[in-house]
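A.B. asks: My questions will all concern the structure given below.
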Amino acid sequence: MQMNPYLFFDGQCEEAFKFYAKLLGGKVEAMMTHEGTPAADHVPAEWRSKIIHARLSLGGQLLMGSDAPPDQQQKPQGFSVNISVSDPAEADRIFDALVDGGVATMPIGETFWAVRFGMLTDRFGIPWMINCEKAVQKAA
Numbered sequence: 004m005q006m007n008p009y010l011f012f013d014g015q016c017e018e019a020f021k022f023y024a025k026l027l028g029g030k031v032e033a034m035m036t037h038e039g040t041p042a043a044d045h046v047p048a049e050w051r052s053k054i055i056h057a058r059l060s061l062g063g064q065l066l067m068g069s070d071a072p073p074d075q076q077q078k079p080q081g082f083s084v085n086i087s088v089s090d091p092a093e094a095d096r097i098f099d100a101l102v103d104g105g106v107a108t109m110p111i112g113e114t115f116w117a118v119r120f121g122m123l124t125d126r127f128g129i130p131w132m133i134n135c136e137k138a139v140q141k142a143a
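If you number the sequence shown the way the working numbering does, the last residue is 143 and the count never jumps.
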């Protein structure tokens, strides 16, 4: 079994996935528009060039998404996409890039469990957590 986040955008899916691919070193494997699919007749004409399905491969993991038609778009809530890294500098780099144009809900910094941890909503409206955990200490 595999679980993959599926993100919905308000018309910025293509831009977001290209940004995420560059930032995270992934590869966009699919980027299909509504045009030419059975869904084309169910969205406004100006929406047909928007993304009906995108798939980004990140080291054996997948991030998927699409543009939700205007009457179906909802603000993401109740979740965050978590990125775990082992290098504190990499955590800072990813956080800084994602928060640019977005909003930090918890600035990146040290916590009791992590060398670096931060929470943000990026400029596309997607909530993220960046986590670089401390080494786990075993009980005596």
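Here a beta-carbon is modelled for each residue, glycine too, at the ideal position from N, C-alpha and C.
Please name the residue in Asp90, Pro47 and His56 whose C-alpha comes closest to that of aspartate 74.
C.D. replies: That would be Pro47, whose Cα lies nearest to the Cα of aspartate 74.
A.B. asks: Tell me, to the nearest whole angstrom, how far the beta carbon of methionine 109 is from that of glycine 128; I am working on the premise that it is less than 8 Å.
C.D. replies: That pair is no contact at about 17 Å.
A.B. asks: DSSP three-state call for histidine 45: helix, strand or coil?
C.D. replies: Helix.
A.B. asks: Tell me the residue span of the beta strand (DSSP E) that contains arginine 126.
C.D. replies: Per DSSP, arginine 126 belongs to no beta strand (DSSP E) and is neither H nor E.
A.B. asks: So which of Phe115, Gln5, Arg96 and Glu32 has the shortest CA-CA distance to alanine 57?
C.D. replies: Ranking Phe115, Gln5, Arg96 and Glu32 by Cα distance to alanine 57 puts Glu32 first.
A.B. asks: Only counting the same chain, and skipping five residues up and downstream in sequence, which positions put a Cβ closer than 6 Å to that of methionine 132?
C.D. replies: Same-chain partners within the cutoff: Ser83, Asn85 and Met122.
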